[in-house]
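Residue numbers (our numbering): 13 to 286.
Next comes the structure, spelled out in structure tokens:
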């Protein structure tokens, strides 16, 4: 009996991608996603990280201004058009919010120059690997020649890893759950910039882990007090009896890169850094 060399049954199991993609093999794929990023970070000497979250839509000011100029041009061509008017309003907000790109980039520079010393890879900046605030934070670390990590996620509308992630420390995930685990495994702090559902999802998951004692000693810093006080009406949760008054202390605010870093430094000065 002749065997076709292309017969999939003749492939070694670990070489058969169609086999590995089967529903029954999901536990194996979960394990591989957990192990690959962990092993490569260990080999790169990554001891601890600072996680930076924030919107993928926030851009550097020059790009935000260019988009506003284009939106205004379109509005001029379509006077009275509601969609064009809304586009201008949103573009104006993006110009205002561009300050957070600069703050995230500066914050990553401060952290990286303060902690990646004499070859030690402590407090390495890790992001979701995409554009916007994620790009800014990876870029700030790259500015000073420091290692920086990107945990990218494969989405229907493809999110490409930004170009400032250190070679060998950019990872692509299929499973959100495993990606979230990697954000927390080495985290010594979490810094959240203004963002949407993804940012808020990650923020609340981290706060829940701290609140329930699953994670100890994780300072959470929210950059942009005015933004976050509108988005998170935490006093209302206290008034409704849904969280304890002391839970308000699970996070702190900052409005500048230096202030965000000082919050982390002061936290560990008070609690110790194991």
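Ideal Cβ placement from N, Cα and C applies to all residues, glycine included.
Return the first residue and the last residue of the alpha helix (DSSP H) that residue i is part of.
| i | result |
| --- | --- |
| residue 12 | As shown, the chain starts at 13 and ends at 286. That puts residue 12 outside it, with no answer to give. |
| residue 90 | Careful: residue 90 lies outside any alpha helix (DSSP H) and carries neither H nor E. |
| residue 39 | 38 to 55 |
| residue 29 | 29 to 32 |
| residue 151 | 145 to 155 |
| residue 249 | 246 to 251 |
How many whole angstroms separate the CB atoms of residue i and residue j, which I take to be in contact at a CB cut-off of 8 Å?
| i | j | result |
| --- | --- | --- |
| residue 145 | residue 66 | 3 Å |
| residue 80 | residue 103 | 4 Å |
| residue 290 | residue 76 | Missing from the structure shown is residue 290; the chain here goes from 13 to 286 and no further. |
| residue 176 | residue 151 | 4 Å |
| residue 178 | residue 159 | 5 Å |
| residue 70 | residue 112 | 6 Å |
| residue 174 | residue 142 | 6 Å |
| residue 250 | residue 243 | That belief does not hold up - the Cβ atoms of residue 250 and residue 243 are roughly 16 Å apart, past 8 Å. |
| residue 73 | residue 25 | About 52 Å; that fails the 8 Å criterion. |
| residue 218 | residue 211 | That belief does not hold up - the Cβ atoms of residue 218 and residue 211 are roughly 11 Å apart, past 8 Å. |
| residue 116 | residue 153 | Incorrect: roughly 11 Å between the Cβ atoms, too far for contact. |
| residue 87 | residue 187 | 42 Å between Cβ atoms; not a contact. |
| residue 155 | residue 121 | 6 Å |
| residue 180 | residue 52 | 7 Å |
Taking the continuous beta strand (DSSP E) assigned at residue i, which residues delimit it?
| i | result |
| --- | --- |
| residue 276 | Premise fails: residue 276 lies in the alpha helix (DSSP H), 269 to 283, not in any beta strand (DSSP E). |
| residue 65 | 61 to 65 |
Per DSSP, which one or two residues make a beta bridge with residue i?
| i | result |
| --- | --- |
| residue 264 | 233 |
| residue 136 | 61 |
Compute the minimum distance between the beta carbon of residue i and the heavy atoms of the ligand NAD, and state whether it is under 7 Å.
| i | result |
| --- | --- |
| residue 83 | The model on display carries no ligand, and the ligand NAD is accordingly not part of it. |
Original post:
Counting Cβ pairs closer than 8 Å, one from the segment 196 to 205 and one from the segment 47 to 61, do we hit at least three?
Top reply: yes
Original post:
Where are the beta strand (DSSP E) runs, 3 residues long or more, that stay fully inside the segment 162 to 238, in chain order?
Top reply: 182 to 185, 199 to 204 and 232 to 235
**OP:** Evaluate the contact criterion for the segment 30 to 47 versus the segment 79 to 93: three or more CB pairs, one atom per stretch, below 8 Å.
**Re:** no
Subject >> Touching by the beta-carbon criterion (3+ pairs, under 8 Å), the segment 263 to 281 and the segment 225 to 236 >> reply: yes
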